[in-house]
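The UniProt record's numbering puts the first residue of the sequence shown at 1, with every later residue one more than the last. Glycine is no exception: its CB is placed at the ideal position from the N, C-alpha and C atoms. Quantities reported herein were computed from a predicted structural model and do not represent experimental measurements.
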Amino acid sequence: MTKLAAVILAAGAASRFGSCKSLAPINDQPLIAFPLNALSEVDVDTYIYTGRWHDAIQQKCLEDNWNTSIVFAPCWEKGIGDVIAFATAQLENDYDAILFMLADQPAVSGDSIALLLKVFDEHVCDAVCCQYRDTVGVPAIAGKTMFAELKRLHGDSGAKHLLNDGMHLVHIVDINQCYIDIDTQEDLENYTHYLNNMSSLW
1 MTKLAAVILA AGAASRFGSC KSLAPINDQP LIAFPLNALS EVDVDTYIYT GRWHDAIQQK
61 CLEDNWNTSI VFAPCWEKGI GDVIAFATAQ LENDYDAILF MLADQPAVSG DSIALLLKVF
121 DEHVCDAVCC QYRDTVGVPA IAGKTMFAEL KRLHGDSGAK HLLNDGMHLV HIVDINQCYI
181 DIDTQEDLEN YTHYLNNMSS LW
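This is how it looks when you write it as structure tokens:
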């Protein structure tokens with residue numbers, strides 16, 4: 001069984017949102033609680049990598065007794081690539097693979113995470129990622145064979161190019177709900193409206 005670390009990336013300034021997006025409420029839960037709840041359904045060690053809003057997220061973690069470790073990424077202003085590189089360097093010696101998630105994908109479920117892990121465990125590959133709409137991306141699991149390249153990431157670009165470069169064996173899983181992310185206050189309002197009025201129709 002793969003020894004897996006789950007990393008929730010929550011280091012950005014959320015400039016388009018205008019405040020601490022990770023703690024923005026959806027009904028009675030902060031946005032970041034949704035990926036945490038999904039991860040609680042699988043047996044993984046969970047880390048939240050923070051930056052601009054570290055103090056607020058850490059305080060909320062203590063108040064609500066989240067089962068996770070909060071790690072400040074001092075390189076957060078350089079971009080998500082640097083944060084991924086920093087997290088990988090910290091975790092590579094203790095884990096066989098790292099699952100990367102975003103704090104602003106509230107529709108990702110525990111079943112989706114379990115499926116990604118099952119595919120990774122049952123196939124020889126460098127990575128497993130999600131496909132939604134016309135792209136691939138996170139949540140994604142990267143194995144040790146990708147750690148060296150992850151540690152070289154820099155700037156605002158993440159690891160998507162590594163999933164697409166044809167140099168790695170990547171299994172792609174179709175999980176449509178991953179396309180839902182929260183970038184603006186309007187996105188948050190629309191998703192909350194969906195949960196309260198539309199999800200019961202599915």
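Since Ala140 is in the beta strand (DSSP E), which residue starts that stretch and which ends it?
Residue mapping note: residue 140 aligns to position 140 of the sequence shown, counting from 1. Ala140 -> beta strand (DSSP E) spans Thr135 to Gly143.
For Gly155, which residues of its own chain have a beta-carbon under 6 Å away from its beta-carbon, when the five flanking residues on both sides are left out?
Translated into the one-based positions of the sequence shown, residue 155 becomes position 155. Taken in chain order, the residues that qualify are Gly79 and Gly81.
Length of the line joining the Cα atoms of Val124 and Ala114:
Within the sequence shown, residue 124 is the residue found at index 124, counting from 1. Within the sequence shown, residue 114 is the residue found at index 114, counting from 1. About 17 Å.
How is Pro35 classed by DSSP in three states: helix, strand or coil?
Position 35 of the sequence shown, counting from 1, holds the residue named residue 35. Helix, per DSSP.
Pair every Cβ in the segment 102–112 with every Cβ in the segment 37–49, then say whether three or more of these pairs are closer than 8 Å.
yes
When DSSP labels each residue in this structure, what does Ile57 get in the three-state scheme?
As a working mapping, residue 57 is identified with position 57 in the sequence shown. DSSP places Ile57 in helix when its eight states are reduced to three.
Along the chain, where does the alpha helix (DSSP H) that runs through Phe147 open and close?
By 1-based counting over the sequence shown, the position of residue 147 is 147. Its alpha helix (DSSP H) spans residues Phe147 to Leu150.
Given 8 Å, three or more beta-carbon pairs between the segment 130–144 and the segment 169–184:
yes
Looking at Asp126 and Thr2, is the spacing between their C-beta atoms short of 9 Å?
Position 2 of the sequence shown holds residue 2. Position 126 of the sequence shown holds residue 126. No; because the gap between Cβ atoms is not below 9 Å, this pair is not in contact.
Can you list, in chain order, the residues of its chain with a C-beta nearer than 6 Å to that of Ala13? Leave out the 5 residues immediately preceding and following it.
Here the question's residue 13 lines up with position 13 in the sequence shown. Once the five neighbours on either side are set aside, the close Cβ partners of Ala13 are Arg52.
Within a Cβ cutoff of 6 Å, which residues of the same chain sit near Gln90, ignoring the five residues on either side of it in sequence?
On the sequence shown, residue 90 is found 90 positions in, with the first residue counted as 1. Result list for Gln90: empty, nothing under 6 Å.
Compute the Euclidean distance between the alpha carbons of Thr88 and Phe147, then round it to the nearest angstrom.
Position 88 of the sequence shown holds residue 88. Position 147 of the sequence shown holds residue 147. Their Cα atoms are separated by approximately 7 Å.
Given this structure, state the Cα-to-Cα distance separating Tyr191 from Asp183, to the nearest angstrom.
Indexing the sequence shown from 1 puts residue 191 at position 191. Indexing the sequence shown from 1 puts residue 183 at position 183. The alpha-carbon atoms of Tyr191 and Asp183 are separated by roughly 11 Å.
Could you pull the DSSP bridge partners for Val170 from this structure?
As a working mapping, residue 170 is identified with position 170 in the sequence shown. Per DSSP, Ala127.
Pull up the DSSP beta-bridge partners for Met101, would you.
Here residue 101 refers to the residue found at position 101 when the sequence shown is read from its first residue. Paired residues: Ile8.
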